[in-house]
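Going down the list, the sequences are from chains L and A.
The first sequence: position 772 = 772 (full-length UniProt numbering), numbered continuously.
The second sequence: position 16 = 16 (full-length UniProt numbering), numbered continuously.
Yeah, the Cβ is synthetic: ideal placement off N, Cα and C, and Gly gets one too.
These numbers were taken from a predicted model, which means no experiment stands behind them.
Taking it in order: structure first as C-alpha cells, then the write-up.
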Amino acid sequence: MSLRLTTGGRLIDRAKPLSFRFNQRWMTGLAGDTLASALLANDRVMVGRSFKYHRPRGIVASGVEEPNALVGLGEGARFEPDQRATTIELFEGATAISQNHWPNLAFDVGEVNSWLARFLPAGFYYKTFMAPQAAWARLFEPIIRRSAGLGRAPDRADADRYEQAYAFADLVVVGGGVAGLTAALAGARAGQRVLVLEQTAHWGGRAPVDGGVIDGLGPDAWVRNAVKVLEKMENVTLRLRCMAAGLHDHGHLIGYERVADHAPQTDAPRHRLWRIRAGKVVVATGALERPLSFAGNDVPGVMLASAVRDYVVNWAVAPGQRTVIVTNNDDAYRTALALLDAGLAVPAVLDTRESLTGDLVQAVRARGVRVLEGKAIARVRGRSRLRGVVICRQDSAGATAMSETIACDCVAMSGGWSPVVHLWSHCGGKLLWDASAAMFRPDPTCPPTGADGAAMAVCAGAASGALGLADCLRDAHKAAGGTGKPPQAKAPTEAPIAPVWVMPAKAGIEARSKMWLDFQNDVKVSDVQLAAREGYESVEHTKRYTTLGMATDQGKLSNINGLAVLSEALDQPVPATGTTTFRPPYTPISFGAIAGEARGDLFQPLRRTPMHGWHEAHGAHWEPVGLWRRPYCYPRSGETHRDAVNREVLATRRSLGLLDASTLGKIVVKGPDAGRFLDMIYTGVMSSLPVGKCRYGLMCSDNGFLIDDGVVVRLSDDTWLCHTTTGGADRIHAHMEDWLQCEWWDWKVHTANLTEQFAQVAVVGPNARKLLEKLGGMDLSKDALPFMTFAEGTLGGVRARVFRISFSGELCYEVAVPASQGLAFWERLMAEGAEFGVTPYGTEALHVMRAEKGFIMIGDETDGTVIPQDLNLGWAISKKKVDYLGKRAQERAHMADPDRWRLVGLETLDGSVLPDGAIAADAGYNGNRQRNTQGRVTSTYYSPTLGRGIAMGLVRRGPERMGEVIRFTAEGRLIAARIVDQVFYDKDGEKQNV
Amino acid sequence: MLTLTCPCCGVTAEETELAPGGEAHLKRFGPGASEAEFEAYMFARANTKGVVFERWRHAYGCGKWFLAARSSVTLEVFGTYPAQTSAPPADLIAAIKARVPGWEGYP
Ligand SMILES: [Zn+2]
Numbered sequence: 001m002s003l004r005l006t007t008g009g010r011l012i013d014r015a016k017p018l019s020f021r022f023n024q025r026w027m028t029g030l031a032g033d034t035l036a037s038a039l040l041a042n043d044r045v046m047v048g049r050s051f052k053y054h055r056p057r058g059i060v061a062s063g064v065e066e067p068n069a070l071v072g073l074g075e076g077a078r079f080e081p082d083q084r085a086t087t088i089e090l091f092e093g094a095t096a097i098s099q100n101h102w103p104n105l106a107f108d109v110g111e112v113n114s115w116l117a118r119f120l121p122a123g124f125y126y127k128t129f130m131a132p133q134a135a136w137a138r139l140f141e142p143i144i145r146r147s148a149g150l151g152r153a154p155d156r157a158d159a160d161r162y163e164q165a166y167a168f169a170d171l172v173v174v175g176g177g178v179a180g181l182t183a184a185l186a187g188a189r190a191g192q193r194v195l196v197l198e199q200t201a202h203w204g205g206r207a208p209v210d211g212g213v214i215d216g217l218g219p220d221a222w223v224r225n226a227v228k229v230l231e232k233m234e235n236v237t238l239r240l241r242c243m244a245a246g247l248h249d250h251g252h253l254i255g256y257e258r259v260a261d262h263a264p265q266t267d268a269p270r271h272r273l274w275r276i277r278a279g280k281v282v283v284a285t286g287a288l289e290r291p292l293s294f295a296g297n298d299v300p301g302v303m304l305a306s307a308v309r310d311y312v313v314n315w316a317v318a319p320g321q322r323t324v325i326v327t328n329n330d331d332a333y334r335t336a337l338a339l340l341d342a343g344l345a346v347p348a349v350l351d352t353r354e355s356l357t358g359d360l361v362q363a364v365r366a367r368g369v370r371v372l373e374g375k376a377i378a379r380v381r382g383r384s385r386l387r388g389v390v391i392c393r394q395d396s397a398g399a400t401a402m403s404e405t406i407a408c409d410c411v412a413m414s415g416g417w418s419p420v421v422h423l424w425s426h427c428g429g430k431l432l433w434d435a436s437a438a439m440f441r442p443d444p445t446c447p448p449t450g451a452d453g454a455a456m457a458v459c460a461g462a463a464s465g466a467l468g469l470a471d472c473l474r475d476a477h478k479a480a481g482g483t484g485k486p487p488q489a490k491a492p493t494e495a496p497i498a499p500v501w502v503m504p505a506k507a508g509i510e511a512r513s514k515m516w517l518d519f520q521n522d523v524k525v526s527d528v529q530l531a532a533r534e535g536y537e538s539v540e541h542t543k544r545y546t547t548l549g550m551a552t553d554q555g556k557l558s559n560i561n562g563l564a565v566l567s568e569a570l571d572q573p574v575p576a577t578g579t580t581t582f583r584p585p586y587t588p589i590s591f592g593a594i595a596g597e598a599r600g601d602l603f604q605p606l607r608r609t610p611m612h613g614w615h616e617a618h619g620a621h622w623e624p625v626g627l628w629r630r631p632y633c634y635p636r637s638g639e640t641h642r643d644a645v646n647r648e649v650l651a652t653r654r655s656l657g658l659l660d661a662s663t664l665g666k667i668v669v670k671g672p673d674a675g676r677f678l679d680m681i682y683t684g685v686m687s688s689l690p691v692g693k694c695r696y697g698l699m700c701s702d703n704g705f706l707i708d709d710g711v712v713v714r715l716s717d718d719t720w721l722c723h724t725t726t727g728g729a730d731r732i733h734a735h736m737e738d739w740l741q742c743e744w745w746d747w748k749v750h751t752a753n754l755t756e757q758f759a760q761v762a763v764v765g766p767n768a769r770k771l772l773e774k775l776g777g778m779d780l781s782k783d784a785l786p787f788m789t790f791a792e793g794t795l796g797g798v799r800a801r802v803f804r805i806s807f808s809g810e811l812c813y814e815v816a817v818p819a820s821q822g823l824a825f826w827e828r829l830m831a832e833g834a835e836f837g838v839t840p841y842g843t844e845a846l847h848v849m850r851a852e853k854g855f856i857m858i859g860d861e862t863d864g865t866v867i868p869q870d871l872n873l874g875w876a877i878s879k880k881k882v883d884y885l886g887k888r889a890q891e892r893a894h895m896a897d898p899d900r901w902r903l904v905g906l907e908t909l910d911g912s913v914l915p916d917g918a919i920a921a922d923a924g925y926n927g928n929r930q931r932n933t934q935g936r937v938t939s940t941y942y943s944p945t946l947g948r949g950i951a952m953g954l955v956r957r958g959p960e961r962m963g964e965v966i967r968f969t970a971e972g973r974l975i976a977a978r979i980v981d982q983v984f985y986d987k988d989g990e991k992q993n994v
Numbered sequence: 001m002l003t004l005t006c007p008c009c010g011v012t013a014e015e016t017e018l019a020p021g022g023e024a025h026l027k028r029f030g031p032g033a034s035e036a037e038f039e040a041y042m043f044a045r046a047n048t049k050g051v052v053f054e055r056w057r058h059a060y061g062c063g064k065w066f067l068a069a070r071s072s073v074t075l076e077v078f079g080t081y082p083a084q085t086s087a088p089p090a091d092l093i094a095a096i097k098a099r100v101p102g103w104e105g106y107p
C-alpha cells in the first residue's frame, strides 16, 4: 500500500519516479525523497532491529538524530554499513538492506534476547567480566558475539574517490536554516568573507515546515530570496550537503561534504573533507526534538512529532492514517495542524499540561480535535506495528480498568527541544541549564576561545535557545554582528513547556523497563535508575555502564532525557548531573574522507636514490626503509629470495659486491665549535679525530639510550661529516639542531643534511681495490688509504670521496659521488667489475654480513631502552670526557645494574635459525602471573658463509655466561641455543684490513 | 589544530607545520648533578592548567625552534619568541599578567 499523499510534498518531484531496492525488493520513490521517506511511502514502517534485544525498530526521526533506520547501502566495493536512511538522498537504482537480524527482518532468532531482558540488565557486560573466566569464554562471549554488532564490514577495497581541501573565511555560518541565512546576510553585508555550510540538500531548515511569516513572506519564499541575495555576493560561498563535523583549536573547523552520494553516476569525488580556518564561527545548528519516555515508546509507529510533520509536508508521506499526539509543549500542535491539512485523522492530543490556552492549542481545538489535558500514554498496543495507545493521567501510576484505549497507527511525541550545541562544546564552550525551557543552552559568558583569547564561536537562533521564530532571527542577526533591523517575524505565541522525563510520573518498574531512552542500544529508564542505585553518580560513568548515548546517534535523540532521569534518581537538579562530553564528529564521517587521496601510490612520498631505476630494471625485490625503498635482494630467474641473498653474500665475500648506500644519512657539521659540539653529541671523542680519518660513533639521548650510530669523518680542520642510519638522517639532523638552537646557541656551528646530494656505493670484497684501480685516478693502496681513512679525488673522471670503512668485514671502499653522477658511476662499476663477477647486493645480504661480524643495527639491537654498555660498546664511550648527551643518565643505578640484559651471540645446537623476537623464559613468575624472562633474540639469520643459523640477542648478564645453553620459546617450541661471542666471522678483522 | 607565528621567519603556521618539543626553559643537568636534580630535569613537568611555556619547531618551514606562551585552558596565545633565551621576555610576562589576573607569574 502506498502511503504517499495525493497532494503536497515541497521537496519531491512527482514527475521523476526512482526505482530502488530494499531487502531485495524493488520499490518506487520520487526524486527529492530520502530513503526513509521512500520506505515510509512504501509502507515499510519497520526497518531494523535493536542492538541488544533485537526488538523491531521503525523510523523515529527525519534527520541526523535517527537511531533506528540504519541500513547497509550499496553493493560490492561500494557497500557501506550503518547508513542513516533519513539522511540518504534517494537515487535511481539505490540498494539497501536492513541490519541486525537473522535470518530475516520479520522473524529474528535474536529476539529471544528480548525475553531474556531481565537477565541482561545495565552493566551486563561489566558484570559478566567479573564472572568466572571459564564461563566468560565458553558461555557469554559466544552468545554476545553471535547476537552483537550492527552492519557487517565491507569486504572489498572502496571503489570511490575522496579528496580533501582547505578553506578560509572571516565568518563561517554552520546551518542553512533561517537563523543561519540571517547571520550570513548580516556578516556578508558588513563586508566579511562568509562561508555557509548546510548539512542537508536544502536551504531553510525547519522553518518552511514549521510556518510563520518573515518580512511579510512565508518562510519558503523568504528563504528563496535570501539565498538569491547571498548567491550574488562575491564575498559569500554557499555549500549544501556539507556538515560541520568538529570545531577545534583556533577556529579550525572540519567540514564533511557529501559531494556525490546523491549522484553516484558522476565522476566527482564521493566525499570531500574540508579543513576550514574560521575567523569566527556562527553555530546556527538549530535544535533537535526529544522523545518522551512511556512504556512501548520503541514500537514502530511511534515517532517524533516534528518528524511526522516533516514527512507529511516535505515528502507528502503519511506515517500513519490515525495519529495520536503526545506532548509537553505547544510545538507538537503544529504536527496536528499539518496532519489535518493533509486530510489525516488526529483522534486526540494528549498533553501533560493543564489549562492550555496557547494560539496553536486553540487552533487545533477549533478544528474539532480532542485535546486531553494532564494526560499521558500508559502503554501502547502492538509489537512490530503500533495499533493503539492506552491513556492515563500524567500524575498517576498508570492505566486502570477504566482507562481509555485510542486506536491509532502512529504516535507523534514531543518531549521538547534541545539546542544543538555540539560545535560550541567541542572546544570548551560551556552550557547553562535553562529550567523554564527545560534545556541546556550555551552560556554566552563562557564561549570557546581562539588564539586571541576572544570568543571564536557564537550560537545563533534555536542553537542558542531562541526557539521562537522572531527571537531566533533577532538572535542570529545579533550573533553575526548585524547592524540595522533584523528580519521581522510573526509566529503564534507558545505557552511554556512542562518538563516530563518519565510518563506517567509515578510509573512502576514494569512500565519503566519498557520505556526506551536509547533506541539503538536498548537502554531504558529502568537501566539508568539501576545504574544510579548501584552507585553510578557521574554521568560519564553511567553512560559507559549502561551504553546510553553510545550508539551511532551518539545520544542526539535522548541523552538529555537520560541525564534528567539520572538526576531524578540521584535526587539532584539536572545541572548538577551535567552532560557527557560532546566529541567530534557531529555525525559519523567516512574513513574515505579522512584518508582523502592518501592511498595507494599517494599514501606517502617515495624517496628514490639516483640508482633506483637501475635496481628496478634489474629485478630488485624492494624493502621499504623510512620513505626510501631499498633493494632487499636481486633474485634471478628461478631463485627464491633466500637463494638470492645467499648468492649475494657468498659472491661478495669471495670476490666483489656492490651496495647502493646512498640512503645513509650524511650530515656535515662545520664551524669553530664543531668539534666541541660533536663531543657532546657522540659518546666518543670526535674533536681529536685527525683530518682524513674515520671513527665509529654512537649517539644517545640525554636519557642515556642509544639513538643512532655511524661513521664520522673529519673532512677538514673545521668540518666533519657524520654518517647516520638510513632512517635516522632527518631525525638526527633535527636532534642536532635542537641542541644547537636551544641549549648551546652561542656555539659557532652549522649543520647541513646533505643526504640527497651524494650517491654512495659500497664496493665490497677481496677484489674491491682491483675494480677501483681499473677506474683510476686515486691511490687506493693499503699504505695510501689504510682502513678507517678517507681521501678525496677523482675516480674514472668522477669527483669522489672514498671512505675505507666496512660494515661487512671485507675489504671495502664506500665511494660518494655527486648524486647526478650516481647512476653513471654505478653502471661503470658494474661494467668494469664484470671480470670479477661483480654482484649487486641488497639490504638482506648487508644484514647477514653485518650479523656475521657481530655489528649491531639500530632498531634491531636497540629499541629505545638499550644503552651502549648493553651492547658491549663501552669502547666507543669516552671515559675522559666531562660530559656528553646521556652521560649523567648512564650513571643511574639501573643503568649500571650487572643484571641488565647484554648482547651476546647465539648458536642453536641443531644449527637451525632462531625465530626473530623469540624469548628465553626463566624460572618463576612475576607479579602479574607472567613467566619470568631472561633474554630475547634481536637479530637472526641463516649464514651462508658458515652454513648454519646465527643470531644475536640480549641476555641477562649474557657476556658472563659464555658457553651456557638457554632455551628460547617460539611458535610453541623450545629451541636450545648456546651463548657465544657475537662475532661469528673473521674475529680478528684480517679481511677488512688488507 | 592551533596556529602559532614563528618569530624567526614570521610565518603564521598551523600545527601540521610544527613539531612540539614539550616544556620550555628546562635547565639541563648533566654529570655531577644529584639524582633529584637529574630526575626533575628529565622527567618532572609542571603540566600546568593555565599559562604554559612550550618549545615548538617550525619543522616544515624555516626549521627553527621557538618558544610559545599560551593558555592550556582558553587556548589563547600570549606570544612567541626565539628559543635563544633562558627565561621569557619581560614584556611578554607583563602582557600575560594583564591578560590573566591572578597568574602567579613565571617562576
Ligand atoms: Zn619559521
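Could you spell out the range, first to last residue, of the beta strand (DSSP E) harbouring residue i?
i, result
"residue 255(L)", "252-258"
"residue 905(L)", "901-908"
"residue 760(L)", "758-764"
"residue 431(L)", "431-434"
"residue 915(L)", "Careful: residue 915(L) lies outside any beta strand (DSSP E) and carries neither H nor E."
"residue 700(L)", "694-700"
Tell me, which residues are paired with residue i by DSSP?
i, result
"residue 376(L)", "392(L)"
"residue 80(L)", "73(L)"
"residue 63(L)", "Per DSSP, none; premise fails for residue 63(L)."
"residue 325(L)", "349(L), 412(L)"
"residue 952(L)", "905(L), 939(L)"
"residue 242(L)", "257(L)"
"residue 995(L)", "The structure shown does not extend to residue 995(L), since chain L is modelled only from 1 to 994, so the question has no answer here."
Between the beta-carbon of residue i and the beta-carbon of residue j, is there less than 9 Å?
i, j, result
"residue 201(L)", "residue 223(L)", "no"
"residue 978(L)", "residue 906(L)", "yes"
"residue 763(L)", "residue 754(L)", "no"
"residue 836(L)", "residue 800(L)", "no"
"residue 90(L)", "residue 18(L)", "yes"
"residue 31(A)", "residue 916(L)", "no"
"residue 1032(L)", "residue 707(L)", "Because chain L in this structure spans residues 1 to 994, residue 1032(L) falls outside the shown range and cannot be described."
Residue i lies in the alpha helix (DSSP H); which residues open and close that run?
i, result
"residue 362(L)", "359-366"
"residue 665(L)", "Not the alpha helix (DSSP H): residue 665(L) falls in the beta strand (DSSP E), residues 665-670."
"residue 164(L)", "Counting along the chain, residue 164(L) falls outside any alpha helix (DSSP H), though it belongs to the beta strand (DSSP E) covering 162-174."
"residue 812(L)", "Element bounds for residue 812(L): not the alpha helix (DSSP H) but the beta strand (DSSP E), 812-818."
Margin query: Restricting to runs no shorter than 4 residues, where is the alpha helix (DSSP H) found entirely within the stretch 281-316 of chain L?
Written below: 305-315
Next item on the list: Determine, using beta-carbon pairs with one atom in the stretch 362-380 of chain L and one in the stretch 315-322 of chain L, whether at least three such pairs fall under 8 Å.
Entry: no
Notebook entry, point to check: Would you say the stretch 550-570 of chain L touches the stretch 593-608 of chain L, given that touching needs at least three Cβ pairs under 8 Å?
Noted result: no
Next item on the list: Take every Cβ of the stretch 500-508 of chain L, pair it with every Cβ of the stretch 378-396 of chain L, and state whether three or more of those distances are shorter than 8 Å.
Entry: yes
Check: Are the stretch 79-89 of chain L and the stretch 29-48 of chain L touching, with three or more C-beta to C-beta distances below 8 Å?
Finding: yes
Checklist line | Complete beta strand (DSSP E) runs within the stretch 611-696 of chain L (minimum length 3 residues, chain order) | finding: 621-625, 628-633, 657-660, 665-670
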